[in-house]
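The opening residue of the sequence shown carries number 1256 in the working numbering; numbering runs sequentially from there.
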Amino acid sequence: MLFLKDDIKTEYHPHSRKLPTVQPFDTYQRRPTIPWAEHPFRSWLDFEVASLALDAALKKEHIKTLVSLFKHCSLDPHQFTIQNAADIDNIWDLAAHKAPEFVWDDIEVEYDGEKMTFEMWYQPLWDWALSLILDSSLVPYFEWNSQRLYKFDGTHFVQFVDEPLTGERLWNMEASNGTPFFFTLYADKSKLSSFGTAKAYPVVAWCANLCTTIRNGRGIGGGTVVGWLPVIKEDSEDSGKRKFIIHKSMVWHQGLGKILNSVQGASYHGYWVTCGDLVKRRFFPIDAFHSHDYEEA
1256 MLFLKDDIKT EYHPHSRKLP TVQPFDTYQR RPTIPWAEHP FRSWLDFEVA
1306 SLALDAALKK EHIKTLVSLF KHCSLDPHQF TIQNAADIDN IWDLAAHKAP
1356 EFVWDDIEVE YDGEKMTFEM WYQPLWDWAL SLILDSSLVP YFEWNSQRLY
1406 KFDGTHFVQF VDEPLTGERL WNMEASNGTP FFFTLYADKS KLSSFGTAKA
1456 YPVVAWCANL CTTIRNGRGI GGGTVVGWLP VIKEDSEDSG KRKFIIHKSM
1506 VWHQGLGKIL NSVQGASYHG YWVTCGDLVK RRFFPIDAFH SHDYEEA
């Protein structure tokens, strides 16, 4: 078989039972776009309007006026589908039932002989994973097995990496008796945010089985806050001390443990799920990468 310079070869993991493929560079596509998911919001514009109404605590008569104004929108009338205030209420109700719920728990750590208690809010990580796996709109964009990519330089195929799923680490981690669900977690101390009336550090989850444009996008399949690490009050006498840094590390590691606890059983034994494409798969959740942007990590 003759190959052209810059041809792309994809070698699929043996567990996928797929044969290698070769594509011309100009037809190679690894960045699909995904439309705004249609449940329960029918467009991104619908979501923006409903968010405005919620954040501003608008009365129904104000919402009626807002909807009336948007009906005159001529830029892209097909994107705006909300008809009345009740429609907004119904959509928010549907969204509340669909989205994984946050739960509350205490973190207890001893410091200087005193038991300290910190409040932790989080989503069980497996609930978040299932919300993606069961989503029929994401079905075409999942890649369930790791791959190796090669580019033809005119003489040889040279391997390259453009997604987490194309790296050697995930290739070697893939289980032989099931389907990997690769996830990444990121906690950033510099991103102090509000959660209700409290301040906390967000922990964001991404699914590495989805490509970059979806994984890093704002819509369904994008990064999702799955927990809020508590802010630990730091007195001047404790600041910078090794003992206090270890104390903060223990608190935050316990917090991350609560988020991860729900995937522990499935990571060892697998978990059968009938996916959004109605195919039954045995999933093994795998922590592909995790990153923490704070000194106590």
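Just so you know, even glycine gets a beta-carbon here, dropped at the ideal spot from N, CA and C. Keep in mind that this is a model prediction, so the values were computed, not measured.
Applying the 10 Å Cβ sphere with the 16-neighbour rule, what's the burial state of residue i?
i: R1339; result: According to the sequence provided, residue 1339 is Asn. The question's Arg does not apply to it. Its Cβ having fewer than 16 others within 10 Å, N1339 is exposed.
i: I1388; result: buried
i: N1464; result: buried
i: R1272; result: exposed
i: Y1526; result: buried
i: F1373; result: buried
i: K1315; result: exposed
i: H1333; result: exposed
i: F1538; result: buried
Reducing DSSP to helix, strand and coil, say where residue i ends up.
i: E1429; result: coil
i: A1341; result: helix
i: F1412; result: strand
i: Q1509; result: helix
i: K1503; result: helix
i: E1398; result: coil
i: Q1487; result: A small correction: the amino acid at residue 1487 is Ile; Gln does not occupy that position in the sequence shown. Residue state, collapsed to three classes: coil.
i: P1279; result: coil
i: R1424; result: helix
i: T1467; result: helix
i: R1497; result: helix
i: P1332; result: helix
i: L1515; result: helix
i: L1440; result: strand
i: L1404; result: strand
i: P1419; result: helix
Can you tell me which of the options puts its alpha carbon nearest to the alpha carbon of residue i?
i: H1270; options: I1388, S1323, W1399 and L1387; result: W1399
i: D1443; options: P1457, Q1278, S1491 and T1434; result: P1457
i: A1341; options: G1510, C1462, I1469 and V1322; result: V1322
i: D1331; options: D1310, V1413, S1298 and D1417; result: S1298
i: F1415; options: L1404, E1423, G1409 and D1408; result: L1404
i: C1530; options: V1364, I1263 and L1385; result: L1385
i: D1382; options: V1480, N1427 and I1469; result: V1480
Quick one: give me the first and last residue of the alpha helix (DSSP H) that residue i is part of.
i: G1520; result: Q1519 to H1524
i: L1321; result: K1315 to K1326
Am I right that residue i and residue j are in contact with their C-beta atoms under 8 Å? What's the rounded C-beta distance?
i: A1455; j: P1485; result: 6 Å
i: G1482; j: Y1377; result: 4 Å
i: T1467; j: E1423; result: Actually they are not in contact, since the Cβ atoms of T1467 and E1423 sit about 19 Å apart, beyond 8 Å.
i: M1375; j: K1513; result: 6 Å
i: E1429; j: S1401; result: 5 Å
i: I1362; j: Q1519; result: Not a contact, Cβ separation roughly 18 Å.
i: P1279; j: T1265; result: That pair is no contact at about 13 Å.
Considering residue i, what are the terminal residues of the beta strand (DSSP E) in which it resides?
i: E1303; result: E1303 -> not in any beta strand (DSSP E); alpha helix (DSSP H) instead, spanning W1299 to D1310.
i: L1380; result: L1380 -> not in any beta strand (DSSP E); alpha helix (DSSP H) instead, spanning L1380 to I1388.
i: V1534; result: Where V1534 is concerned, there is no enclosing beta strand (DSSP E), given that its DSSP letter is neither H nor E.
i: I1475; result: Neither: I1475 is in no beta strand (DSSP E) and is coded neither H nor E.
i: D1361; result: V1358 to Y1366
i: M1371; result: E1369 to Y1377
i: E1266; result: I1263 to Y1267
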